[in-house]
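Going line by line, the protein sequences match chains P and L.
Throughout the first sequence, residue numbering follows full-length UniProt numbering, covering 1 to 453 in sequence.
Throughout the second sequence, residue numbering follows full-length UniProt numbering, covering 1 to 453 in sequence.
Below is one structure; the comments refer to it alone.
Protein chains: 2
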Amino acid sequence: MKVVKFGGSSLASGKQLEKVFQIVVSDPERKVVVVSAPGKRYSEDEKVTDLLIECADLCLQNKDPKEKFDAVIERYAAIAEELYLDDDIINELEEDLFRRLKADKSDPDKFMDLLKASGEDNNAKLVAAYFRKQGVEAHYVNPKEAGLLVTAEPGNAQVLPEAYDRLFELRNRSGIIIFPGFFGYSAEGDVFTFSRSGSDITGSILANGMKAELYENFTDVDAVYSVNPFIVNRPKEIKELTYREMRELSYAGFTVLHDEALVPAFRAGIPVQIKNTNNPSAPGTKIVYERNNTNGPVVGIASDEGFCSIYVSKYLMNREVGFGRRLLAILESFGLSYEHTPSGIDDISVILRENQFAPGMEEKIIERIKTELDADEVVIEHSLALIMVVGEGMRHNIGTTARASKALAKAGVNIEMINQGSSEVSMMFGVKEIDEKRAVQALYDEFFAAVTV
Amino acid sequence: MKVVKFGGSSLASGKQLEKVFQIVVSDPERKVVVVSAPGKRYSEDEKVTDLLIECADLCLQNKDPKEKFDAVIERYAAIAEELYLDDDIINELEEDLFRRLKADKSDPDKFMDLLKASGEDNNAKLVAAYFRKQGVEAHYVNPKEAGLLVTAEPGNAQVLPEAYDRLFELRNRSGIIIFPGFFGYSAEGDVFTFSRSGSDITGSILANGMKAELYENFTDVDAVYSVNPFIVNRPKEIKELTYREMRELSYAGFTVLHDEALVPAFRAGIPVQIKNTNNPSAPGTKIVYERNNTNGPVVGIASDEGFCSIYVSKYLMNREVGFGRRLLAILESFGLSYEHTPSGIDDISVILRENQFAPGMEEKIIERIKTELDADEVVIEHSLALIMVVGEGMRHNIGTTARASKALAKAGVNIEMINQGSSEVSMMFGVKEIDEKRAVQALYDEFFAAVTV
Numbered sequence: 001m002k003v004v005k006f007g008g009s010s011l012a013s014g015k016q017l018e019k020v021f022q023i024v025v026s027d028p029e030r031k032v033v034v035v036s037a038p039g040k041r042y043s044e045d046e047k048v049t050d051l052l053i054e055c056a057d058l059c060l061q062n063k064d065p066k067e068k069f070d071a072v073i074e075r076y077a078a079i080a081e082e083l084y085l086d087d088d089i090i091n092e093l094e095e096d097l098f099r100r101l102k103a104d105k106s107d108p109d110k111f112m113d114l115l116k117a118s119g120e121d122n123n124a125k126l127v128a129a130y131f132r133k134q135g136v137e138a139h140y141v142n143p144k145e146a147g148l149l150v151t152a153e154p155g156n157a158q159v160l161p162e163a164y165d166r167l168f169e170l171r172n173r174s175g176i177i178i179f180p181g182f183f184g185y186s187a188e189g190d191v192f193t194f195s196r197s198g199s200d201i202t203g204s205i206l207a208n209g210m211k212a213e214l215y216e217n218f219t220d221v222d223a224v225y226s227v228n229p230f231i232v233n234r235p236k237e238i239k240e241l242t243y244r245e246m247r248e249l250s251y252a253g254f255t256v257l258h259d260e261a262l263v264p265a266f267r268a269g270i271p272v273q274i275k276n277t278n279n280p281s282a283p284g285t286k287i288v289y290e291r292n293n294t295n296g297p298v299v300g301i302a303s304d305e306g307f308c309s310i311y312v313s314k315y316l317m318n319r320e321v322g323f324g325r326r327l328l329a330i331l332e333s334f335g336l337s338y339e340h341t342p343s344g345i346d347d348i349s350v351i352l353r354e355n356q357f358a359p360g361m362e363e364k365i366i367e368r369i370k371t372e373l374d375a376d377e378v379v380i381e382h383s384l385a386l387i388m389v390v391g392e393g394m395r396h397n398i399g400t401t402a403r404a405s406k407a408l409a410k411a412g413v414n415i416e417m418i419n420q421g422s423s424e425v426s427m428m429f430g431v432k433e434i435d436e437k438r439a440v441q442a443l444y445d446e447f448f449a450a451v452t453v
Numbered sequence: 001m002k003v004v005k006f007g008g009s010s011l012a013s014g015k016q017l018e019k020v021f022q023i024v025v026s027d028p029e030r031k032v033v034v035v036s037a038p039g040k041r042y043s044e045d046e047k048v049t050d051l052l053i054e055c056a057d058l059c060l061q062n063k064d065p066k067e068k069f070d071a072v073i074e075r076y077a078a079i080a081e082e083l084y085l086d087d088d089i090i091n092e093l094e095e096d097l098f099r100r101l102k103a104d105k106s107d108p109d110k111f112m113d114l115l116k117a118s119g120e121d122n123n124a125k126l127v128a129a130y131f132r133k134q135g136v137e138a139h140y141v142n143p144k145e146a147g148l149l150v151t152a153e154p155g156n157a158q159v160l161p162e163a164y165d166r167l168f169e170l171r172n173r174s175g176i177i178i179f180p181g182f183f184g185y186s187a188e189g190d191v192f193t194f195s196r197s198g199s200d201i202t203g204s205i206l207a208n209g210m211k212a213e214l215y216e217n218f219t220d221v222d223a224v225y226s227v228n229p230f231i232v233n234r235p236k237e238i239k240e241l242t243y244r245e246m247r248e249l250s251y252a253g254f255t256v257l258h259d260e261a262l263v264p265a266f267r268a269g270i271p272v273q274i275k276n277t278n279n280p281s282a283p284g285t286k287i288v289y290e291r292n293n294t295n296g297p298v299v300g301i302a303s304d305e306g307f308c309s310i311y312v313s314k315y316l317m318n319r320e321v322g323f324g325r326r327l328l329a330i331l332e333s334f335g336l337s338y339e340h341t342p343s344g345i346d347d348i349s350v351i352l353r354e355n356q357f358a359p360g361m362e363e364k365i366i367e368r369i370k371t372e373l374d375a376d377e378v379v380i381e382h383s384l385a386l387i388m389v390v391g392e393g394m395r396h397n398i399g400t401t402a403r404a405s406k407a408l409a410k411a412g413v414n415i416e417m418i419n420q421g422s423s424e425v426s427m428m429f430g431v432k433e434i435d436e437k438r439a440v441q442a443l444y445d446e447f448f449a450a451v452t453v
């Protein structure tokens, strides 16, 4: 049994829905279809979710939401018309949205969640109607009825553990289940949405709860690339990668799948297949628990800018039990989260995203580290990029580090920092931002040039 | 003005004292001579300090210390005889030691310190007597009279800040000052010794307090080697290195100078010259605040065994503010100090010395990390060696990492871990202990082969 999720661009028009239908019915194992709200049809188009947010904002400001309301309904109506569906379904969606607009607004965040969630919820009803019109048994299933219980956190709901057992019962339903992504219900029966990429999360939760063999995630790219195509021209596609590799890559700029969405599937060991709705015969990329390392040590290279390092040195630092912990506690008290802490004997650098700094915070941090830890030197260096070279195969591969650092040296890139954990699934290089693109290209050439299609 | 310190082997016999005298008088800037207790004359010989410890132990057990007492006095007497000194000085030392034996034993640690300190104290009197016999104005100066105030911690005294100003007054004394190393006096007037290499500490404190231009440390090697001579045959000597380089090297097995001893000199920016009493014309090694990098990026390579890594992985660890700090706090609660914390996105390794583990502690640590931090995986790997490649020149040298890691790869050494801070004064490689010697040799060949004498 497979759980299949389609993203907004896969559901943006009637023509796209026809593709979705063909994909689902071409494999009888595709039992559950998780749908997003209709996305953009062209680059200037508005997503239904964005229209709904504007609509909710107008309501909360006591302004007339009619224009946005109509725009939302118009999107559904256009799809219905394209697919020759009768008016009943559109009337149903219109009534639903109208009811939501009249809901209690005393908690604006809850009201916002109720409106946002309608994008997926109503789209699921529309998709189910279309599937039925095509002569297939298909049922819209509401997350409340299915038992998708979540915490009462607007825009950041977390699935509750008891939801999984209840979702398992969905296996007993007949026909194809069309399930709206992005939201669940609190114990009190209120709608709460997940964070960003919420439909991916829904699919992942359903795959876990229903013990699916595979979670298929249909999007609009053929596969995950081994490197950012804006840096390297026509890079190699990744056929298979592990959760850990995906996670390390997505950390530094890979955004095909939001990594938090994978957690429920990851915990249940269910593989995730990324495929293209517009090119379903392309093999796509499979995210698995373990894989054979047959394609060299490196599976992908990711990079991200906007880091800085706080360098702290103190003679005999190494002898002070608790120095590192106290340093991290100071940063934590400023609400800063950090990425890495490479260290020498008497120095330690803390790497963090520089967008976390509020004005004046840097000076305060330096002051506190100097006085509280009696540090000899505290220096903040800005505009660093982190480059992750990722691959489970690196673990058993003598010389990967040598190849990577030699490639960087040849490209004239100075390595500001290296951090390689004992996991050896990734190697991190810190370089200056101006060197980032050159560094990524050099590493790609070193590890992929020979195997590029 | 220079402070000159001589180690135990430089003062083990009359013949050695003659060398010391010639060295001191050959340079009128050598104003202060810090002396250790007489060391070994041959490899099976006993150091005076060790004899004194045995002597003190016997006293504390209410046993007869006569045999050890006589052995100590015999060492001084042999030197005096060799140098044709008259009996007065030996009688004086004998009386002093005899008085100490009768001191209060209610605090055994304080009694031990009082006896241990006599080795240096009485040797300073002997050396002063010999210098005077040679016709030079030389005065034994007692640390109490000079104001060398320390904390009342037996075997681990710390200099008090007010001592420095008082020691500056020594500049006004006429003649050569012969100053015993290894101990100072508490505010209550009791003797307390420094930790290991205590005479080096005394010299460093005097150099700071007296604002010396140079602190000369005479020992029994020509220079600091660039690598352990037990691993690499006839390695290159280091002419000049910075405090930071010395510190990083001494961390991993370089033991010519105990690094804590350098702190007072380091704080005052006073260079330290290491020289050989038995070959004073050899240039030795100079430890400086800054140096020109004229000899390639790497100044030395050190290695040390006996490390282990605690590998902790948790999916989405990176999003948890405070994860690293809480992990370090758990280790701290076991009294463990750690060396480095290389990390990936969802994993972190803590490198520490494995001799810190008490029996059963490992299991408890793993259990606590798993339950308190909800970690997915906790694995302890043993028998690791850390190799430090050290050099201030690495900072501006593109390609040092590439050269080092390529050399290791060519030697068939798998790099378990890399940690390079943004200071770039050192690069740390973690390897399996069985690979240590091969790795060090390979790195030495890479960075020193062309320049070896």
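We put the beta carbon where it would ideally sit given N, CA and C, even for glycine.
Counting only the same chain and skipping the five closest in sequence on each side, list residues whose C-beta sits under 6 angstroms from that of residue 460/L.
-> Limits of chain L in this structure are 1 at one end and 453 at the other, which puts residue 460/L out of reach.
Would you report the Cα separation of G306/L and M417/L, rounded to the nearest angstrom?
-> Roughly 15 angstroms separates the two Cα atoms.
Quick one: using the 10 Å Cβ neighbour count with 16 as the cut-off for buried, is D113/P buried or exposed?
-> So D113/P ends up on the buried side.
In DSSP terms, what C308/L is bridged to | In the DSSP assignment, C308/L forms a beta bridge with L352/L.
4 or more residues per run - each alpha helix (DSSP H) lying fully within the region 34-89 of chain P = Whole alpha helix (DSSP H) segments, 4+ residues: 48-60, 66-82.
Just to confirm, does N156/P get its C-beta within under 7 angstroms of one of the non-hydrogen atoms of the ligand NAD?
-> As far as ligands go, the structure on display features none, and thus does not contain the ligand NAD.
Sorted by chain position, which residues of the same chain lie with C-beta nearer than 7 angstroms to L206/P's C-beta, five sequence neighbours on each side aside?
-> Apart from the 5 residues on each side of it in sequence, L206/P sits with its Cβ closer than 7 angstroms to the Cβ of V3, V32, V34, L167, F179 in its chain, given in chain order.
Neighbouring residues, chain A, relative to V25/L (Cβ below 9 angstroms) | Annotation note: the requested chain A is absent from the structure, which comprises protein chains P and L.
Nearest-angstrom Cα separation, counted from I73/P out to I89/P | Taking the straight line joining both Cα atoms gives about 11 angstroms.
Could you please tell me which residues of the region 301-319 of chain P, in chain order, have their CB closer than 8 angstroms to any CB of chain L?
-> Answer in chain order: S309, Y311, S313, Y315, L316, N318, R319.
Using the beta-carbon of each residue, which ones in chain L are nearer than 7 angstroms to I415/P?
-> The contacting residues are T401.
Cβ-based neighbour list, L52/L, same chain, cut-off 8 angstroms, excluding 5 preceding and 5 following = Its chain contains A37, K68, V72, L115, K116, S118, G119 as the residues whose beta carbon lies nearer than 8 angstroms to that of L52/L, once the 5 sequence neighbours on both sides are disregarded; these appear in chain order.
Can you name the residues of chain P whose CB is closer than 8 angstroms to the CB of R325/L?
-> Counting only Cβ-Cβ distances below 8 angstroms, R325/L has contacts in chain P at R325, L328, A329, E332, in chain order.
Around the Cβ of G393/P, are there at least 16 other Cβ atoms within 10 angstroms (buried) or fewer (exposed)?
-> Counting the other Cβ atoms within 10 Å of the Cβ of G393/P gives 16 or more, which makes it buried.
Given F98/P as reference, the closest of P280/P, I348/P, N122/P once Cα atoms are compared = The residue with the shortest Cα to Cα distance from F98/P is N122/P.
Between the CA atoms of E381/L and N414/L - distance to the nearest angstrom | Using only the alpha carbons, I get a separation of about 15 angstroms.
Which chain L residues sit within Cβ distance under 9 angstroms of K406/P?
-> In chain order, G399, T401, A402, R403, S405, K406 make up the part of chain L whose C-beta sits under 9 angstroms from the C-beta of K406/P.
Amino acids of chain L, ordered along the chain, whose beta-carbon sits closer than 9 angstroms to that of F161/P | Before going further, note that residue 161/P is Pro rather than Phe in the sequence given. Those within 9 angstroms of P161/P in chain L number zero; the least Cβ separation is about 14 angstroms.
Residue interval of the beta strand (DSSP E) (run including P180/P) | In the DSSP annotation of this structure, the continuous segment of the beta strand (DSSP E) that includes P180/P starts and ends at 176-180.
Taking only beta-carbon atoms, is I345/P less than 8 angstroms away from chain L?
-> Chain L contact via Cβ: present.
Span separating the alpha-carbon of Y185/L from that of V191/L = Distance between Y185/L and V191/L, taken at the CA atoms: about 5 angstroms.
Tell me, please, whether the CB atom of P271/L is closer than 8 angstroms to any CB atom in chain P?
-> It does not; no Cβ of chain P falls within 8 angstroms.
Beta-carbon spacing of G181/P, K66/P below 8 angstroms = Cβ distance not < 8 angstroms, so G181/P and K66/P don't count as in contact.
For my contact list, S405/P and T401/L are in at a C-beta cut-off of 8 angstroms; report their separation, rounded to the angstrom.
-> Confirmed, Cβ separation roughly 4 angstroms.
Given that N419/P touches chain L, what residues does it touch there, using C-beta distances under 7 angstroms?
-> Going along chain L in sequence order, the residues near N419/P (Cβ under 7 angstroms) are P342, S343, N419.
Could you tell me whether the region 349-369 of chain P touches the region 307-315 of chain P, where touching means 3 or more Cβ pairs closer than 8 angstroms?
-> Yes, they touch.
E381/P by DSSP, collapsed to three states: which one?
-> E381/P: strand per DSSP, three-state reduction.
What do you get for I369/P, buried or exposed, if any count of 16 or more other CB atoms within 10 angstroms of its CB means buried?
-> The residue in question, I369/P, is buried, as its Cβ has 16 or more Cβ neighbours within 10 Å.
Pair within 8 angstroms by beta-carbon distance, V440/L and V299/L = 8 angstroms or more divides the Cβ of V440/L from the Cβ of V299/L.
Alpha helix (DSSP H) containing Y185/P: first to last residue?
-> From DSSP, Y185/P is part of no alpha helix (DSSP H) but of the beta strand (DSSP E) over 183-185.
Output yes if chain P places a C-beta closer than 8 angstroms to the C-beta of F21/L; else output no.
-> No, F21/L does not count as interfacial toward chain P.
What residues in its chain sit with their C-beta under 8 angstroms from that of Q420/L, if we drop five residues either side in the sequence?
-> Same-chain partners within the cutoff: T401, S426, M427, M428.
If you pair each beta-carbon of the region 155-170 of chain L with each one of the region 213-220 of chain L, do three or more pairs fall below 8 angstroms?
-> With the cut-off at 8 angstroms, the region 155-170 of chain L and the region 213-220 of chain L do not touch.
G203/P CB to nearest chain L CB: under 8 angstroms?
-> No, because no Cβ of chain L sits closer than 8 angstroms to the Cβ of G203/P.
For the candidate residues N156/L, S226/L, S174/L, whose alpha-carbon lies nearest to that of R196/L?
-> Minimum Cα distance to R196/L is reached at N156/L.
Could you give the C-beta distance for R171/L and T242/L, rounded to a whole number, given that I count them as a contact under 8 angstroms?
-> Contact between R171/L and T242/L fails: their C-beta atoms lie close to 27 angstroms from each other, not under 8 angstroms.
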